[in-house]
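In the numbering used here, the protein residues as written are 26 to 656.
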Amino acid sequence: MGKKLLALLLTIASFYSFAQTRPGSLRGTVTDAKTGETLPSVNVVVKDDAGSIVAGTSTDFDGKYNINPLAPGEYNVEVSFLGYTKITLSDIIISPNAPTLQDFKMREATSELDEVVITYEAPLIDKTKSSKVTTAEDIQNMAVRDITSVAAQAAGVTQNADGSTNIRGARDEGTVYFIDGVKVRGSTNIPQAAIQQTEVITGGLPAQYGDAVGGVISTTTRGPSGQYFGNVELLSSSPFEALSTDFFGDYDYNLAAFTMGGPIYKNKQDQPIIGFLFSSEFEYQKENSPSAVPYVAVNDDVLLDIETNPLLLDPSGNSVQYKVEYVNEDQLSDVQFRPNSYSNEIRLNGNIQIKTSKSTNLTLGGRWTYSNDKRDNYLQHIFNYKNNLRQIDSDWSSYVRFQQQFGSAADNESLIKNAFYNIQLDYTRTNTRIFDERYEEDFFRYGHIGKFDVIERPFYVYNVEDTANGVIEGWTYVGDNPVRVDFEQGENNRITGNYTSNYFDLAADNPGLSTQTIAAIQGAGVPINGTDPRASYGLWGSPGAIHSFNAINVRSANYYKQRNSQFRVTASTNFDIKDHSLIVGFEYEQRSDRAYALDAAGLWQRMNLLQNDGIQELDLDNPILVTEDGV
26 MGKKLLALLL TIASFYSFAQ TRPGSLRGTV TDAKTGETLP SVNVVVKDDA
76 GSIVAGTSTD FDGKYNINPL APGEYNVEVS FLGYTKITLS DIIISPNAPT
126 LQDFKMREAT SELDEVVITY EAPLIDKTKS SKVTTAEDIQ NMAVRDITSV
176 AAQAAGVTQN ADGSTNIRGA RDEGTVYFID GVKVRGSTNI PQAAIQQTEV
226 ITGGLPAQYG DAVGGVISTT TRGPSGQYFG NVELLSSSPF EALSTDFFGD
276 YDYNLAAFTM GGPIYKNKQD QPIIGFLFSS EFEYQKENSP SAVPYVAVND
326 DVLLDIETNP LLLDPSGNSV QYKVEYVNED QLSDVQFRPN SYSNEIRLNG
376 NIQIKTSKST NLTLGGRWTY SNDKRDNYLQ HIFNYKNNLR QIDSDWSSYV
426 RFQQQFGSAA DNESLIKNAF YNIQLDYTRT NTRIFDERYE EDFFRYGHIG
476 KFDVIERPFY VYNVEDTANG VIEGWTYVGD NPVRVDFEQG ENNRITGNYT
526 SNYFDLAADN PGLSTQTIAA IQGAGVPING TDPRASYGLW GSPGAIHSFN
576 AINVRSANYY KQRNSQFRVT ASTNFDIKDH SLIVGFEYEQ RSDRAYALDA
626 AGLWQRMNLL QNDGIQELDL DNPILVTEDG V
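Written out as structure tokens, the structure is:
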């Protein structure tokens, strides 16, 4: 019967692949330190940092034990047996997706030695794994806080300038992130204090990660504790910058963090039944991409003069030059940060665990990340930083997980042991919006600088037509002759409008500057509705230009909106057959991706092309006779 059941489960497993972070386990052998003989019926108990029993078992006839499942984290292990000295192993690390192997050698009890306390040390090289596990203690001692930077410490992992990671040469989209078994879409940032451990799998991917091409970065957050705990953390560079910006820099980095957890309800035996964890961080940076080489900034008085009167009359009197192209070295200075390119981010993470019975657990958890930044643009940071676009990102996910463990039969010869199953439902949503904060979704204000009144005079020629009804003679309309263009500056995009207004002022006193047609104005390099002032020497953005970026095939987008969602159901069952651990499961994943980008400023150019479509081609071969008062 057992063989038939095993064959059935293996057959089912071949039809499913799933992505769910599995719990860890602890297994090993207990022997007599003197004789090397295995010891049966030895009690092995796992406790948390509060001293509460998490799980336990006893060794079989061959001295082997297997405690499965165990949530990833750090535990204390107590090994006791009548006639032998008790062993306590502290701070042992349980990693997800793989068993932790730990053997014990027990000594006979003596009056001088009641207990042996051992501090666990993780092996420098684990030949059985193609992964690296970084614990919460390791992360606290690092100079980095985010998951991707922690993962970059592993061999075979490189981090790009934008924060993305490549594992063993694969593209960054080949790296799959998990946080508490939830496949991450959007930001991977969570509070540092919430991280229990991060595992980077660079090779030999388990079957449940079938859709990972490069590698997997799986993070497990802390769970509730049997005792209340909490901490407050404040980091700031501002006090030091007040002393000396030359030595300490002027990046204005500030972080505030708060974490709290503990039991909500305990039973009569003082065992926690309901527990919680809440962790939060707020981070502000004046410059989120510090440079070893100083940035360049134009002096404030020079910039104000350029913004107010941006044009210079060419000595020939027939053209204008951009004043920004005549800025010299004396009008520039070195700065350590780019103005108006700050970032704000709030990160929240929490979970509630409910021990619904002796063998079942229910976990509710979620995270939320919100950032409100000014997008930095290197080519705009000298003259046009005031128009930096705003980017707002909001990522959140929630999950519910149910786990039930089945007790093993008392008979050590039982075929299946340590059987348990997990069912998890999770939902994730990411939202992104990039826009000019002056106009947001009022798109026709993006490229508007004022009113252009085109003055034209109709042009006629005298014509004689011989038709079937006789000879028709008269004046035939053939088009409009341009006279002039009048400009009335509007309230939107005042700096860009100053280019055009300045040009009209110069043209009033210089006949060589034409304001006869829109084409002549554009030919002079002056903006109209829907266009920007040209870049200084084709490189540095000039004051007043609307920032743009590439997004979903729109090369000059200045508005972008995106909403992605993901719904997943995963389930797995795990059981041991002798020394082998088998897992069977499935995954259902549904995604919805929506986004659009808009060149809002370019709407005016499009309207200029379309507004006269109805009268672009006159049928001059078939004129219409118009009479007035018989003439």
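Cβ coordinates follow ideal geometry from the N, Cα and C atoms, glycine included. Predicted model, so just to flag it, every value in this text is computed and none were measured.
- Between the beta-carbon of I92 and that of V104 there is about 12 Å, and that puts the pair past the 8 Å contact cut.
- DSSP places L260 in the strand class (E or B) of the three-state scheme.
- Rounded to the nearest angstrom, the Cβ distance from Q514 to I553 is 12 Å, too far for a contact under 8 Å.
- One thing to note: Q252 has its Cβ no nearer than 9 Å to the Cβ of P315.
- Between I117 and N101, the C-beta spacing is below 9 Å.
- A distance of 9 Å or more separates the beta carbons of S174 and V142.
- Cα atoms of S50 and Y290: separation of roughly 27 Å, rounded to the nearest angstrom.
- With distances taken between CA atoms, L564 lies nearest to H406 out of K72, A626, Q221, H406.
- Distances from the CA of Q591 to each of H572, S581, Q615, A570 were compared; the closest alpha carbon is that of Q615.
- In the DSSP annotation of this structure, the continuous segment of the beta strand (DSSP E) that includes D418 starts and ends at 415 to 430.
- For the pair A96 and P121, the Cα-to-Cα distance works out to about 7 Å.
- Between the stretch 239 to 255 and the stretch 621 to 635 there are fewer than three C-beta pairs closer than 8 Å, too few to call the two in contact.
- Per DSSP, the beta-bridge partners of N376 are L302, G390.
- Contact check for V55 against F129 passes: the beta carbons are separated by less than 9 Å.
- Judged by DSSP in its simplified three-state form, S83 adopts strand.
- Cβ atoms of G98 and Q221 come within 8 Å of each other, at about 5 Å.
- Listed in chain order, the beta strand (DSSP E) runs fully inside the stretch 155 to 210 are 156 to 160, 182 to 184, 190 to 192, 200 to 204, counting runs of at least 3 residues.
- In this chain, G548 is not harboured by any beta strand (DSSP E); it is covered by the alpha helix (DSSP H) spanning 543 to 548.
- Look at V510 here: in three-state DSSP terms it is strand.
- Approximately 3 Å separates the beta-carbon atoms of I192 and G240; this is inside 8 Å, confirming the contact.
- Per DSSP, the unbroken beta strand (DSSP E) holding F445 starts and ends at 441 to 460.
- With fewer than three CB-CB distances shorter than 8 Å, the stretch 420 to 428 does not count as touching the stretch 63 to 82.
- For N324, same chain residues with a beta-carbon under 8 Å away, outside a window of 5 residues either side, are Q356, L357, S358 in chain order.
- Taking one beta carbon from each stretch, the stretch 444 to 459 and the stretch 424 to 433 have 3 or more pairs nearer than 8 Å; the two touch.
- Where G287 is concerned, the enclosing beta strand (DSSP E) starts and stops at 278 to 291.
- In the assembly as shown, K399 is a buried residue. Its beta-carbon has 16 or more other beta-carbons within 10 Å.
- DSSP, reduced to helix, strand and coil, places Y585 within a strand of the structure shown.
- Membership of I215 in any beta strand (DSSP E) is not indicated, and neither H nor E is assigned to it by DSSP.
- Excluding five sequence positions before and after D197, the CB atoms of its chain that fall closer than 7 Å to its own CB belong to N185, S189, T190, N191, given in chain order.
- Comparing alpha-carbon positions, the option among V321, N506, F307, D85 lying closest to L373 turns out to be F307.
- Leaving aside the five residues that flank L126 on each side, the residues in its chain whose CB is nearer than 7 Å to its CB run, in chain order, R52, G53.
- In the DSSP annotation of this structure, the continuous segment of the beta strand (DSSP E) that includes V345 starts and ends at 345 to 347.
- Per DSSP, T333 is not a residue of any beta strand (DSSP E); the alpha helix (DSSP H) it occupies stretches across 325 to 333.
- Of all C-beta pairs linking the stretch 488 to 507 to the stretch 285 to 302, fewer than three are shorter than 8 Å, placing the two stretches out of contact.
- Segment contact: the stretch 331 to 348 against the stretch 174 to 183, fewer than three CB-CB distances shorter than 8 Å; contact not assigned.
- In the structure shown, the three-state DSSP call for G522 is helix.
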